[in-house]
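Enquirer: Order-wise, the sequence lines are chains A and B.
Per the numbering used here, residue 4 is the first one in the first sequence, and the count goes up by one each step.
Per the numbering used here, residue 3 is the first one in the second sequence, and the count goes up by one each step.
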Amino acid sequence: MRSDFPLLQKQPELVYLDSAATSLKPQPVLDAMNEYYTGFSANIHRGLYDLSERATVAYEGARETVREFINAKQAHEIIFTRGTTEAINGLAQSWGRQFVREGDEILTTVLEHHSNLVPWQMLAREKKCALKHIDVNDDGTLREEQFLKLLSRQTRLLTITHVSNALGTIVPLRKIIQQAHAAGIKVLVDAAQSAPHMPLDVQYLDADFVVFSGHKMCGPTGIGVLYMKERVQEKLELPWHFGGGMIKEVHLKKSTFQKAPNKFEAGTPPIAEAIGLAAAMRYLQSIGMNKIRDHEKQLLHYALKTLGAIDGVQLYGPNNPAMQSGVLSFGIEGIHPHDIAEILNEDNIAVRAGHHCCMPLMERLNLPATVRASFYLYNTEQDIDRLAAGLRNVKKIFKS
Amino acid sequence: MNLYRELIIDLYKNPVNKRSMPDAHITNSGANVTCGDRVRIYIKKDSEKITDLSFEGEGCAISIAAASLLTEEAKGVLLNDISDWGPHNIFEWLGTELGPARIKCGLLALETLQEAVKKIKQ
Ligand SMILES: Cc1ncc(COP(=O)(O)O)c(C=O)c1O
């Protein structure tokens with residue numbers, strides 16, 4: 004299966020442990036996009052000629068593939084965006100503008116990626132509403148009991164990550180979502196780190212909004228998904244972008260808009276990217292999401308054991324494969340994460356060092372930065388052995 | 003492996019001039035938020051030059067080694083000359099060039115010192 008990834012073929016020495024940032028791309032994804040560009044690269048929904056027809060069919064077919072992948076009820080509940088970040092900003096600017104009023108509250112957690120925090124801060128500033136944050140325990144697990152305490156009659160939205168990109172914590176969402184709905188609160192799930200790595204069933208989860216990015220799940224950059232429940236969609240009057248493709252009638256002074264999903268996809272969408280994402284989903288499904296999850300669980304188990312045995316290595320997060328995705332944050336006492344990452348790079352090992360776009364979480368855990376290794380289907384136990392050897396080398400250089 | 007030469011590791015583990023200076027004439031702080039590097043520079047001066055300086059801070063080996071070397075090099079230097087210093091000075095003292103990913107670590111102490119000197123002049 005590693006042979007499906009051209010980059011691993013070109014660089015057999017590379018140990019790529021940064022899939023939480025972006026994943027490598029398998030050949031079938033590149034082929035699908037290439038086929039569009041070389042075979043039928045026309046715009047959609049417009050031309051009356053065959054090529055445009057073919058492009059439209061492929062683009063709408065991609066929507067259907069996404070629907071099936073996350074088990075949505077209707078294809079029009081799937082909206083293509085540029086990524087997780089655009090989806091969240093879009094919701095803050097459309098749903099947030101329409102439904103959040105002065106004095107209301109938005110509930111979120113300290114685990115969030117900046118892209119699920121800053122858009123809500125901006126909305127809070129504009130609307131004079133409050134932002135409240137569910138805390139974590141020191142091991143990075145959510146203090147679920149705080150949810151009901153922070154809930155109030157002013158709460159309008161719970162916006163929450165499914166999996167922490169910094170620590171790998173898997174947040175048990177189903178009960179929280181049920182409780183939120185019982186209180187009449189809408190729920191947005193940031194699935195950027197779960198959709199690529201485990202089965203995701205939006206009907207089972209029952210969230211109102213689910214967002215994720217294609218590039219973290221073997222797909223191309225520039226494409227993401229916003230799942231919006233039909234019932235919520237119907238009440239949302241305005242999208243966040245306006246222009247071609249989304250209008251019904253335009254007059255000089257006023258316009259009317261199409262129904263979803265077109266209403267939410269102004270302008271020429273990322274057509275090749277949607278086709279690439281669908282190919283990525285088919286690729287992942289051909290392997291099986293349960294199998295991918297099990298593989299990463301095993302790798303994490305092995306990594307916890309292997310890195311945990313190195314003197315001076317501190318492992319952050321739950322340290323429990325049952326409630327942690329294939330993400331492992333760690334440090335070495337007395338050595339800065341950037342130095343660790345830089346020395347590992349000399350050994351052709353790619354890891355992330357820093358705050359991982361989670362500054363509030365780092366502050367909460369009192370960590371200036373961590374090193375993060377994140378796994379995907381193409382990683383092996385040998386990769387982790389190489390990482391462990393690399394860390395021993397770091398310690399040797401630092402004489403620690 | 004060029005970057006982590008003996009000198010840099012030694013200065014990281016045993017930095018020079020790394021202490022607070024309660025009777026400093028001026029202090030200034032700087033940080034690279036993305037890396038979590040922080041530095042605070044303490045300066046004593048007469049009318050035209052730096053007479054003593056020290057630093058406190060936390061960060062990666064590059065930033066701490068660069069702060070150590072800077073505080074050594076800047077003692078006795080004219081205030082007016084500090085603003086002329088740039089990356090090439092840091093590279094020379096460290097004995098290596100820094101790539102785009104690490105140059106901010108290497109320059110943190112120098113930029114913090116240059117800001118302090120600007121404050122003195124105002
Ligand atoms: C949990 C989480 N949310 C949101 C994002 C933002 O995704 P993107 O940069 O693809 O919009 C990321 C990716 O870095 C993430 O890990």
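Beta carbons: idealized from backbone N, C-alpha and C, even for Gly.
Bear in mind the structure is a predicted one, so any value in this text is a computation, not a measurement.
1. Less than 8 Å separating the beta-carbons of A/E108 and A/Q157?
2. Please report how far the alpha carbon of A/I352 lies from the alpha carbon of A/V113, in whole angstroms.
3. Just to confirm, does A/S22 get its C-beta within under 7 Å of one of the non-hydrogen atoms of ligand 1?
4. Specify, as a first and last residue, the run of the alpha helix (DSSP H) that A/K14 falls within.
5. With a threshold of 8 Å between beta-carbons, can B/G32 be considered close to chain A, or not?
6. In the DSSP assignment, find the unbroken alpha helix (DSSP H) run with B/N82 in it and report its ends.
7. Under a Cβ-count criterion, where at least 16 other Cβ atoms within 10 Å of its own Cβ denotes burial, should A/E270 be classed as buried or exposed?
8. Where does A/I91 sit, in a helix, a strand or coil, going by DSSP?
9. Does the distance from the CB of A/I179 to the CB of A/E147 come in under 8 Å?
10. What does the alpha-carbon distance come out to for the pair A/L370 and A/L318?
11. Taking the CB atoms as reference points, tell me whether B/H27 and B/K51 lie closer together than 8 Å.
12. Are the beta-carbon atoms of B/L72 and B/V119 separated by less than 8 Å?
13. How would you label A/N119, buried or exposed, when you count the other beta carbons within 10 angstroms and need 16 or more for buried?
14. Could you spell out the range, first to last residue, of the alpha helix (DSSP H) harbouring A/K308?
15. Counting contacts by CB-CB distance shorter than 8 Å, is A/K399 in contact with chain B?
16. Would you please verify whether the beta carbon of B/I11 is less than 8 Å from any beta carbon of chain E?
17. My output table needs one value for A/K76: the three-state DSSP class, helix, strand or coil.
18. Give a yes or no on whether 8 Å exceeds the smallest Cβ distance from A/E56 to chain B.
19. Look at A/V213 and A/A183 and say whether their C-beta atoms are less than 8 Å apart.
20. By DSSP, does A/A275 sit in helix, in strand, or in coil?
21. Assign B/K106 to one of three DSSP states: helix, strand, or coil.
22. Grab me the residues of B/W95's own chain with a C-beta within less than 7 Å of its C-beta, minus the 5 sequence neighbours each way, in chain order.
23. Consider the Cβ of A/A282: report whether some Cβ of chain B lies at a distance smaller than 8 Å.
24. Rounded C-beta distance between A/H165 and A/S26? I'm assuming under 8 Å.
25. Count the other C-beta atoms from every protein chain shown that fall within 10 angstroms of the C-beta of A/Y52, then say buried if there are 16 or more, exposed otherwise.
26. Report the CB separation of B/I45 from B/L55 in whole angstroms; it is logged as a contact under 8 Å.
27. Are A/Y381 and A/F8 touching if we call contact CB-CB under 8 Å?
28. Got a sec? Which residues, its chain only, sit under 8 Å from B/S127 by beta carbon, not counting five neighbours each side?
29. Enumerate, from N- to C-terminal direction, the unbroken alpha helix (DSSP H) stretches of 4 or more residues contained entirely within the segment 37-103 of chain B.
30. Does the beta-carbon of A/S377, which I'm using as the reference point, lie nearer than 7 Å to any heavy atom of ligand 1?
31. Please find out if some non-hydrogen atom of ligand 1 comes closer than 7 Å to the beta-carbon of A/N168.
32. Closer than 6 Å by C-beta to A/I338: which residues in its own chain qualify, once you throw out the five before and the five after it? Chain order, please.
33. Could you check the C-alpha separation between A/Q206 and A/E336 for me, to the nearest Å?
34. Taking 7 Å as the line, does the beta carbon of A/T111 fall inside it for any heavy atom of ligand 2?
35. Quick check on DSSP: helix, strand or coil for A/D209?
36. Could you give the first and the last residue of the continuous beta strand (DSSP E) run that contains A/L331?
Expert: Working from what's here:
1. The residue given as residue 108 of chain A occupies position 105 in the first sequence. The residue given as residue 157 of chain A occupies position 154 in the first sequence. Yes.
2. Locating residue 352 of chain A in the first sequence gives position 349, where the first residue counts as 1. Locating residue 113 of chain A in the first sequence gives position 110, where the first residue counts as 1. Their Cα atoms are separated by approximately 30 Å.
3. Here residue 22 of chain A is taken as the residue at index 19 of the first sequence, counted from 1. Not under cutoff, so the answer is no.
4. The count along the first sequence starts at 1 and reaches residue 14 of chain A at position 11. Looking at the sequence itself, residue 14 of chain A is Gln, so the reference to Lys does not match. Looking at the DSSP string, A/Q14 is not in any alpha helix (DSSP H), and its letter there is neither H nor E.
5. For this step, residue 32 of chain B is matched to residue 30 along the second sequence. Chain A, which has no Cβ nearer than 8 Å to the Cβ of B/G32, makes this no.
6. Position 80 of the second sequence holds residue 82 of chain B. Unbroken alpha helix (DSSP H) run through B/N82: 81-84.
7. Translated into the one-based positions of the first sequence, residue 270 of chain A becomes position 267. According to the sequence as given, residue 270 of chain A is Gly; it is not Glu. So A/G270 counts as exposed.
8. As a working note, residue 91 of chain A is residue 88 in the first sequence. Looking at A/I91 - three-state DSSP - the assignment turns out to be helix.
9. Here residue 179 of chain A is taken as the residue at index 176 of the first sequence, counted from 1. Here residue 147 of chain A is taken as the residue at index 144 of the first sequence, counted from 1. In contact: A/I179 and A/E147 (Cβ atoms closer than 8 Å).
10. Along the first sequence, read from residue 1 onward, the residue named residue 370 of chain A stands at position 367. Along the first sequence, read from residue 1 onward, the residue named residue 318 of chain A stands at position 315. Inter-residue distance for A/L370 and A/L318 is about 12 Å (C-alpha atoms, whole angstroms).
11. For the purposes of this step, residue 27 of chain B is taken as residue 25 along the second sequence, with counting starting at 1. For the purposes of this step, residue 51 of chain B is taken as residue 49 along the second sequence, with counting starting at 1. The answer is no: Cβ separation not under 8 Å.
12. Residue numbering aside, residue 72 of chain B sits at position 70 when the second sequence is read from its first letter. Residue numbering aside, residue 119 of chain B sits at position 117 when the second sequence is read from its first letter. Contact: no.
13. Along the first sequence, read from residue 1 onward, the residue named residue 119 of chain A stands at position 116. By the neighbour-count criterion, in which 16 or more other beta carbons inside 10 Å mark a residue as buried, A/N119 falls on the buried side.
14. Within the first sequence, numbered from 1, the residue matching residue 308 of chain A stands at position 305. In the DSSP assignment, A/K308 falls within the alpha helix (DSSP H) that extends over 292-311.
15. For the purposes of this step, residue 399 of chain A is taken as the residue at position 396 of the first sequence. Not an interface residue.
16. Of the protein chains in the structure, A and B, none is chain E.
17. The residue you call residue 76 of chain A lines up with position 73 of the first sequence. Residue state, collapsed to three classes: coil.
18. Here residue 56 of chain A refers to the residue found at position 53 when the first sequence is read from its first residue. Cβ-Cβ to chain B under 8 Å: no for A/E56.
19. Translated into the one-based positions of the first sequence, residue 213 of chain A becomes position 210. Translated into the one-based positions of the first sequence, residue 183 of chain A becomes position 180. Not a contact, by the Cβ cut-off of 8 Å.
20. The sequence position of residue 275 of chain A within the first sequence is 272, counting from 1. It is helical.
21. If you number the second sequence from 1, residue 106 of chain B lands on position 104. For B/K106, the three-state secondary structure derived from DSSP is helix.
22. Numbered from its first residue, the second sequence carries residue 95 of chain B at position 93. Listed in chain order, the non-local C-beta contacts of B/W95 below 7 Å within the same chain comprise L71, E75, local neighbours out to five positions each way being set aside.
23. Indexing the first sequence from 1 puts residue 282 of chain A at position 279. Not one chain B Cβ lies under 8 Å of A/A282.
24. For the purposes of this step, residue 165 of chain A is taken as the residue at position 162 of the first sequence. For the purposes of this step, residue 26 of chain A is taken as the residue at position 23 of the first sequence. The pair is not a contact, with the Cβ atoms about 17 Å apart (cut-off 8 Å).
25. Reading the first sequence from its first residue, position 49 is the one you call residue 52 of chain A. Exposed, because fewer than 16 other Cβ atoms sit within 10 Å of the Cβ of A/Y52.
26. The residue labelled residue 45 of chain B in the question sits at position 43 within the second sequence. The residue labelled residue 55 of chain B in the question sits at position 53 within the second sequence. Rounded, the Cβ-Cβ distance is 5 Å, consistent with contact.
27. Translated into positions along the first sequence, residue 381 of chain A becomes position 378. Translated into positions along the first sequence, residue 8 of chain A becomes position 5. Against a cut-off of 8 Å, the Cβ pair of A/F8 and A/Y381 comes out as a contact.
28. The structure shown does not extend to residue 127 of chain B, since chain B is modelled only from 3 through 124, so no value can be given for it.
29. 63-75, 81-84, 89-96
30. Looking up residue 377 of chain A in the first sequence gives position 374. Annotation for A/S377 indicates a beta carbon at 7 Å or more from all heavy atoms of ligand 1.
31. Mapped onto the first sequence, residue 168 of chain A falls at position 165. The answer is yes for A/N168.
32. Along the first sequence, read from residue 1 onward, the residue named residue 338 of chain A stands at position 335. Same-chain partners within the cutoff: F401.
33. Reading the first sequence from its first residue, position 203 is the one you call residue 206 of chain A. Reading the first sequence from its first residue, position 333 is the one you call residue 336 of chain A. Going from the Cα of A/Q206 to the Cα of A/E336 covers about 44 Å.
34. As far as ligands go, the structure on display features ligand 1 and does not contain ligand 2.
35. Residue 209 of chain A sits at position 206 when you count from the first residue of the first sequence. Coil at A/D209, not helix or strand.
36. Residue numbering aside, residue 331 of chain A sits at position 328 when the first sequence is read from its first letter. That run of the beta strand (DSSP E) goes 330-335.
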